[in-house]
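Quick note: full-length UniProt numbering has the sequence shown finishing at residue 353, numbered continuously throughout.
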Amino acid sequence: MLEFRTQGFNGYSVKYSPFFDSRIAVASAANFGLVGNGRLYVLGLTANGIVAEKWFDTQDSLFDTTWSEAHENQLLTAGGDGSVKLFDITLDQFPVQSWQEHAREVFAVHWNLVAKDTFLSSSWDGTIKIWNPNAPASIATLPTHTCTYSAAFSPHSPSILSCVGSDSHLRVFDLRTPASASNHLTMNIPIHTPPKPRMGAAAPPGIPPAEALTHDWNKYRDTIVATAGVDRLVRTFDIRAPQAGPIAVLPGHEYAVRRVSWSPHLSDTLMSASYDMTCRVWSDGSAVVGGMNQENMLGDPMMHGGGRELGRMGRHTEFATGVDWCLFGAEGWCASTGWDERVLVWDARALMQ
1 MLEFRTQGFN GYSVKYSPFF DSRIAVASAA NFGLVGNGRL YVLGLTANGI
51 VAEKWFDTQD SLFDTTWSEA HENQLLTAGG DGSVKLFDIT LDQFPVQSWQ
101 EHAREVFAVH WNLVAKDTFL SSSWDGTIKI WNPNAPASIA TLPTHTCTYS
151 AAFSPHSPSI LSCVGSDSHL RVFDLRTPAS ASNHLTMNIP IHTPPKPRMG
201 AAAPPGIPPA EALTHDWNKY RDTIVATAGV DRLVRTFDIR APQAGPIAVL
251 PGHEYAVRRV SWSPHLSDTL MSASYDMTCR VWSDGSAVVG GMNQENMLGD
301 PMMHGGGREL GRMGRHTEFA TGVDWCLFGA EGWCASTGWD ERVLVWDARA
351 LMQ
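Written out as structure tokens, the structure is:
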């Protein structure tokens, strides 16, 4: 396990570069993000450990970062002052572009993985904004009417995106639809809906809504989304059956789940980072259940019954707030960050064994 200390700054988000397996970005904030500056670290994995290749200081906290999919040296930040900034690591301290349209803290930024000339941001002001890095203003605004903690483009479509927020709903937007009264909203799934009962079983009790803090699209199954948040549960949904409730519910975390990320290598594996100071690896049970593969189970979502925890990493000593998988090499390398001012790089395969 490799470790880097973000001295004086508490980590909020960590992301591997999509171009280099040895480069990681970390968004961080002084004073736990309550007040003070932010710092964006660009870290290199070397034979001598993790080294800081570059860092950028900002006037307000940084809550998220994402690498450009079009330019290997550029990355975005989400600022506590409502700003979205684009940095180039070959240039000096100042961002190459900055946008200031959100009225509250920006908590997520995400680059479009298919149409690589657009990215999005989501904010506590109840909006998602779509941007082109070369345009001085946003090209679209999608109202969510809720404090929006997490937003992301589908990795399978240039025009589908999703978000979760404080009202415990998973929203899916399709930019190909007419804007009209729905503002491109095509789906609004209540996350706290209990799973559909198995045949002959009593219906489970209703679950009170809790803030959803994070979600992620499955990299292999284009209709599967994982969500998690304050109620400590990781859930997966199939957006082809929005009324069916979650197809897998993964309990285990002792406090709120701050980040989930599907594996880029294994279709049934995801990872979570939680305020209980652990990062956990899960199977959603979709690979093989009762001798049948996932394609045979789509008619009955509740046949996804085998979800379980595969292992956990408990080396953080404060809230674990960010986790990401390496896209390259042997499946399982990942990085995590947290409020303990540490970035850890480790191999999830060792935990899964």
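Beta carbons: idealized from backbone N, C-alpha and C, even for Gly. Since this is a predicted model, take the numbers as computed values, not measurements.
* What span of residues does the beta strand (DSSP E) with PHE327 cover, start to end? -> In the sequence on display, residue 327 carries Leu and not Phe. Here LEU327 belongs to no beta strand (DSSP E), and DSSP marks it neither H nor E.
* GLY311 to GLU254, Cα distance in whole Å? -> 15 Å
* Name the DSSP bridge partner or partners of LYS129? -> SER121, THR141
* Asked: With distances taken from CA atoms, which of LEU327, LEU62, ASN132, GLU341 is nearest TYR16?
  -> LEU327
* Taking C-alpha atoms, which residue in THR214, ALA256, THR223 lies nearest to VAL109? -> THR214
* With C-beta atoms as the reference, is ARG221 less than 9 Å away from SER286? -> yes
* To do: With a 10 Å radius around its C-beta and 16 neighbouring C-beta atoms as the bar for buried, classify VAL343 as buried or exposed.
  => buried
* Asked: My guess is that LEU250 and TRP282 are in contact by the Cβ rule of under 8 Å, so how many angstroms apart are they, rounded?
  -> 5 Å
* Nearest-angstrom Cα distance between ALA137 and ALA27? -> 23 Å
* Which word fits VAL14, buried or exposed, when buried means at least 16 other C-beta atoms lie within 10 angstroms of its C-beta? -> buried
* To do: Give the DSSP-derived three-state secondary structure of PRO190 in the structure shown.
  => strand
* Answer yes or no: do ALA320 and ASP347 have a C-beta to C-beta separation smaller than 9 Å? => no
* Please classify LEU310: does DSSP put it in a helix, a strand, or coil? => strand
* Return the Cβ separation of ARG349 and GLU309 in integer angstroms, given the expectation that the two are a contact with Cβ distance under 8 Å. => Actually they are not in contact, since the Cβ atoms of ARG349 and GLU309 sit about 15 Å apart, beyond 8 Å.
* Please confirm whether TYR41 and ALA30 have their CB atoms less than 9 Å apart. => no
* Would you kindly work out how many angstroms separate the C-alpha atoms of ASN245 and ILE191, rounded to a whole number? => According to the sequence shown, residue 245 is Gly rather than Asn. Rounded to whole angstroms, GLY245 to ILE191 spans 7 Å at the Cα level.
* Asked: Beta carbon of TRP124, beta carbon of THR148: below 9 Å?
  -> yes
* With a cut-off of 8 Å on the beta carbons, I'd call THR186 and ASP167 a contact; round off their distance for me. => In fact, because the Cβ distance is near 17 Å, the residues do not count as touching under 8 Å.
* Asked: In chain order, what residues of the same chain have a beta carbon less than 7 Å from the beta carbon of PRO158, not counting five sequence neighbours either side?
  -> ASN112, VAL114, ALA115
* **Sub-9 Å separation of ALA212 and SER150 beta-carbons** => yes
* Asked: Ends of the beta strand (DSSP E) at LEU43?
  -> 38-46
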